[in-house]
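For reference, the structure is listed below as structure tokens.
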Amino acid sequence: MISKSHTEEKLLEATLKLISKKGYLGATTREIAQEAGVTELTLFRHFGSKERLFEEVLNRYTFLPKLRKLLPELGGLSYDKALRVVGIRFLETLKERKSLIRIMLSEINLYPEKIRELHNSFINGLIKTLAGYLMSLQKRRVLRRFSPEIAARAFLGMIFSYFKAEEIVKGHDISKKEIEKIIEEFVDIFVHGTLKR
């Protein structure tokens, strides 16, 4: 007998693959179940709904879980090195999930309200997680006073904007060398705007 976690993993991978290819609206639960090698009934037994499946895909395969795992490691790094690590991993994750991001950007306005709420909740979780790190540095008087949420949004936003312009709009595959260079520049700009003087 196949374990529950193995079945769920197959369903999540199938969901990621099909939504990345066909979009949330285009991928049916029947197709997801077929891709995972299970019945549609099994899909509903494990997740209950397509929305719940999508929520779990966001929770498992996006940058948010990576950032949460990364935070404990950042404590031992200097501020600029920590931001470089976050920036590089964020941009690498965006590249890994380019197909999903492209299709989500194209159909987000067509999503049901519940799915838009899930998407917004994911974005807010990402911002709040990075903001918590920035706030901890403010408490230690490493950083000047500013809104950690706005700063987190600015930092992640400039990286996402670069990714979207280069990878999605221009179709340019950003190289590892380019990632390191652009993140170094972004971090330099950001650090000099946030450090306590």
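By the count of our numbering, the sequence shown reaches residue 201 at its end, each step adding exactly one. Every residue gets a Cβ at the ideal spot worked out from N, C-alpha and C, and that includes glycine. Computed from a prediction, not measured in an experiment: that's the story for all the values here.
Looking at the DSSP output, leucine 199 sits in a beta bridge with Leu147.
Relative to the Cα of asparagine 124, the nearest Cα in the group Leu29, Thr198, Asn63 belongs to Asn63.
Under a 10 Å Cβ-count criterion, valine 191 is classified as buried, with 16 or more other Cβ atoms of the shown protein chains found around its own Cβ. Linking glutamate 39 to arginine 56 through their CA atoms gives a straight-line distance of about 18 Å. Along the length of the segment 56-97, whole beta strand (DSSP E) runs at least 3 residues long do not occur. Contact annotation: the segment 98-107 touches the segment 21-33, with at least three C-beta pairs closer than 8 Å. Taking all protein chains in view, the Cβ of proline 152 is crowded by 16 or more other Cβ atoms within 10 Å, so the residue is classified as buried.
With contacts defined by Cβ atoms closer than 8 Å, histidine 176 and glutamate 170 form a contacting pair.
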